[in-house]
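S.K.: My structure is below; once you've seen it, I'll send some questions.
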Amino acid sequence: MRFSHILNLQKDLLTKSLILTFAGLLVAAGVVLSARPAYRSVRSGYADENYLKSGECRSCHADHYASWARTYHSRMTQEARSTNVQGDFMRDNTFEYLGVKARMEKLASSS
Ligand code: HEC
């Protein structure tokens, strides 16, 4: 009799701990899901698809964004368009460094 009472207590304890574990997992999942950033503008079809645009970082990283924006780092990943590229690709378009010779040119198909 006393032995079965202990077994029942153990069953109760197991049931309660399973319920508590499940409730804890639900709370943890809720916290993780609600803490996820709401990404708004991924660029589908581009090479940087699934990445945020640079401006999106500002809302959470204002100081880092400001320091990035005032340096050339903000320009190093621009798309190679005629509005962004400052170099003259028609004249003086070769460059040699450590024995490697490069020639820059603008293709007719590029904008
Ligand atoms: C919705 C808010 C949010 C946005 C938007 C966001 N971040 Fe973050 N970022 C965070 C949080 C929160 C952390 C974690 C900070 C920590 O734990 O120190 C983090 C961490 C980082 C880290 C790691 C810092 C470290 O010390 O390890 C880098 C790098 C970073 N973010 C860059 C970016 C860049 C680049 C963008 C934009 C493309 C961006 N983040 C957009 C919230 C954001």
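Under the working numbering, the residues of the sequence shown are numbered 1 to 111, in order. No residue lacks a Cβ here, since even glycine has one placed at the ideal position from N, Cα and C. Keep in mind that this is a model prediction, so the values were computed, not measured.
Could you check the C-alpha separation between Asp63 and Ser17 for me, to the nearest Å?
M.R.: Mapped onto the sequence shown, residue 63 falls at position 63. Mapped onto the sequence shown, residue 17 falls at position 17. Cα to Cα, the separation comes out at about 45 Å.
S.K.: At what residue ranges does the segment 52-90 contain a whole run of the alpha helix (DSSP H), taking only runs of 4 or more?
M.R.: Runs of the alpha helix (DSSP H) inside the segment 52-90: 62-69.
S.K.: Tell me whether the beta-carbon of Tyr65 lies closer than 7 Å to the beta-carbon of Arg58.
M.R.: If you number the sequence shown from 1, residue 65 lands on position 65. If you number the sequence shown from 1, residue 58 lands on position 58. A contact, by the Cβ cut-off of 7 Å.
S.K.: Going by Cα to Cα distance, which pick from Thr94, Leu107, Tyr51, His73 is closest to Ser82?
M.R.: The residue given as residue 82 occupies position 82 in the sequence shown. With distances taken between Cα atoms, Ser82 lies closest to Leu107.
S.K.: Measuring only the C-alpha atoms, how far is Ala23 from Gly30?
M.R.: Looking up residue 23 in the sequence shown gives position 23. Looking up residue 30 in the sequence shown gives position 30. Rounded to the nearest angstrom, the two C-alpha atoms are 11 Å apart.
S.K.: Say the cut is 6 Å; is the CB of Glu56 nearer than that to a heavy atom of the ligand HEC?
M.R.: Position 56 of the sequence shown, counted from the first residue, corresponds to residue 56. Within the cutoff, so yes.
S.K.: Is the beta carbon of Leu33 within less than 6 Å of some heavy atom of the ligand HEC?
M.R.: Mapped onto the sequence shown, residue 33 falls at position 33. The answer is no for Leu33.
S.K.: Taking the alpha-carbon positions, what's the Glu49 to Thr77 distance?
M.R.: Locating residue 49 in the sequence shown gives position 49, counting from the first residue. Locating residue 77 in the sequence shown gives position 77, counting from the first residue. Whole-angstrom Cα-Cα distance: 14 Å.
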